[in-house]
Amino acid sequence: MVSDLSDDSLTRDLDTRLVRTFAMVAEEMSFSGAARRLGMTQQGVSSHVRRLEGLLAVPLFERSRSHVALTERGESLLGHARQVLMATENLFAATSTQRSPVRVAEIRGRRMMQQCYATFRREHPQQPVTFFDMLSREQTKAIAEGHLDIGMGRLLAPVPGLNSMPFRLDPVLALNVTDPGPVHLRSGRVGYTGGGSERFANWVSFCRELSVSTGAHLVPVPHDNTMLEAIGQGQMAGELPPVLAMAGMRDYPSAEYFDFRPLEDIQPYYPWRIFWRTNESRREVRAFLSTALAVAREQRWMELLDRDVEIWLPRDGEDHLRPGARMP
1 MVSDLSDDSL
11 TRDLDTRLVR
21 TFAMVAEEMS
31 FSGAARRLGM
41 TQQGVSSHVR
51 RLEGLLAVPL
61 FERSRSHVAL
71 TERGESLLGH
81 ARQVLMATEN
91 LFAATSTQRS
101 PVRVAEIRGR
111 RMMQQCYATF
121 RREHPQQPVT
131 FFDMLSREQT
141 KAIAEGHLDI
151 GMGRLLAPVP
161 GLNSMPFRLD
171 PVLALNVTDP
181 GPVHLRSGRV
191 GYTGGGSERF
201 ANWVSFCREL
211 SVSTGAHLVP
221 VPHDNTMLEA
231 IGQGQMAGEL
241 PPVLAMAGMR
251 DYPSAEYFDF
261 RPLEDIQPYY
271 PWRIFWRTNE
281 SRREVRAFLS
291 TALAVAREQR
301 WMELLDRDVE
311 IWLPRDGEDH
321 LRPGARMP
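Here the sequence shown is numbered in UniProt numbering, starting from 1 and rising by one per residue.
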């Protein structure tokens, strides 16, 4: 039988180590941070990225002395890279004699799922758990297709085939990069980051809804969080207004360089949800979900701050204030 594959297609093999390195640099937004996570030298990480860029014939990162950022093509290819890594994990899991892992999505830099895992591991030490850094839309698609078990993020509307529950009300604060003075949302000039990046689409939607609903003057700031970090550390010059940020951003590396403070007139909350397949029957998946919801209660993630100011939530966050919800 004659194969219809061309010689070119036969040579298009890909070393998944290069893909994993690309995804880790994108997660850390740092070559040195990726090197620490992967147990490699920084030179080795750079070599992997250069090799992958050569194979794909596109630049994946913009590099400067002060920051690393995904290029437009790198941003668009990151989702495909995560799919490659997920397929690799699932391939090995399908042939393993060990327990199937609980496949959990997490958001870069956030520790919520890792906190849940720490408790779950004490209660179920023999059960493996695999983590994936994914966008919310990637998570819902992967769960629907059976490649992922549990996701977390903001859901703007119900998704067919998925159950979800409120998971956290994340207080939105003002991140002062240069001026530590008080910040008023309605009467001041406040910025928000993420415009132009698909990764922050839900955050940008949140900020725009907040602006329209409250009459606040919010301006898009043309800096990503990596550049904010560089300005905060004094590595770059820049004049920025106070920037909106979730309280959970204090989990991020180098957050100590920023001054986080509450808004004086309004307290917004960003609504996180945890979600999974409808009619999920695997005991280990439901056990992780139960643990995660218990951790959310113990950590008081659903409680409002004790502040005598106006509270604001987007439409998809209103059910976060309803007590007594139970997992289906």
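Each residue gets a CB set at the ideal place from its N, CA and C atoms; glycine is no exception.
Spell out the partners DSSP gives residue i in its beta bridges.
i: R12; result: In the DSSP output, where bridge partners are listed per residue, R12 has none listed.
i: N176; result: D259
i: I311; result: Q267
i: A69; result: E62
i: R277; result: L162
i: P171; result: Y269
i: Y117; result: Paired residue(s): none; Y117 is not in a bridge.
i: V129; result: V102
Can you tell which of the options has its C-alpha closest to the C-alpha of residue i?
i: V58; options: Q43, F22, L38 and L91; result: F22
i: Y269; options: A35, T291 and V309; result: V309
i: F200; options: R282, L240 and R108; result: R108
i: V68; options: G33, R315 and A81; result: G33
i: A296; options: P182, E318, V183 and R168; result: R168
i: R277; options: H48, R50 and T140; result: T140
i: D133; options: G146, G151, N202 and E145; result: G151
i: A87; options: E145, R50 and L60; result: E145
i: E53; options: E28, Q42 and L18; result: L18
i: E318; options: E106, R51 and A157; result: A157
i: M165; options: E138, L293, F260 and M113; result: L293
i: L162; options: H184, R137, R36 and L244; result: R137
i: R261; options: C116, L185, D149 and S281; result: L185
Taking the alpha-carbon positions, what's the residue i to residue j distance?
i: Q83; j: R189; result: 40 Å
i: S76; j: V102; result: 27 Å
i: residue 364; j: P220; result: Because the chain spans 1 through 328 in this model, residue 364 falls outside it and cannot be assessed.
i: E89; j: D15; result: 14 Å
i: L218; j: G194; result: 13 Å
i: P125; j: E284; result: 12 Å
i: D265; j: E198; result: 30 Å
i: F206; j: F258; result: 22 Å
i: P160; j: P182; result: 43 Å
i: M1; j: R12; result: For M1, the predicted structure reports a pLDDT of 43, less than 50, and the residue's modelled location is therefore unreliable. The matter cannot be settled from this model.
i: S9; j: H48; result: Its pLDDT being 48, under 50, S9 is placed unreliably by the model, and the measurement read from it follows with that caveat. Rounded to the nearest angstrom, the two C-alpha atoms are 22 Å apart.
i: P242; j: F275; result: 33 Å
i: T71; j: Q43; result: 20 Å
i: R315; j: G248; result: 21 Å
Indicate the three-state DSSP secondary structure (helix, strand or coil) for residue i in the structure shown.
i: R20; result: helix
i: M134; result: coil
i: G33; result: helix
i: M86; result: helix
i: R110; result: coil
i: R122; result: helix
i: V45; result: helix
i: M302; result: coil
i: E145; result: coil
i: L78; result: helix
i: Y51; result: Here residue 51 turns out to be Arg, not Tyr, going by the sequence shown. Here R51 sits in helix by DSSP.
i: R250; result: helix
i: L56; result: helix
i: L156; result: coil
i: L240; result: coil
How far does the beta strand (DSSP E) with residue i in it extend, from its first residue to its last?
i: F288; result: Looking at the DSSP string, F288 is not in any beta strand (DSSP E); the run it does join, the alpha helix (DSSP H), is R283 to E298.
i: M246; result: V243 to M246
i: V219; result: L218 to P220
i: G153; result: I150 to G153
i: G317; result: No beta strand (DSSP E) holds G317; DSSP gives it neither H nor E.
i: G191; result: V190 to Y192
Taking the alpha helix (DSSP H) that residue i belongs to, which residues open and close that run?
i: R103; result: Counting along the chain, R103 falls outside any alpha helix (DSSP H), though it belongs to the beta strand (DSSP E) covering V102 to E106.
i: V183; result: Here V183 belongs to no alpha helix (DSSP H), and DSSP marks it neither H nor E.
i: W203; result: A201 to T214
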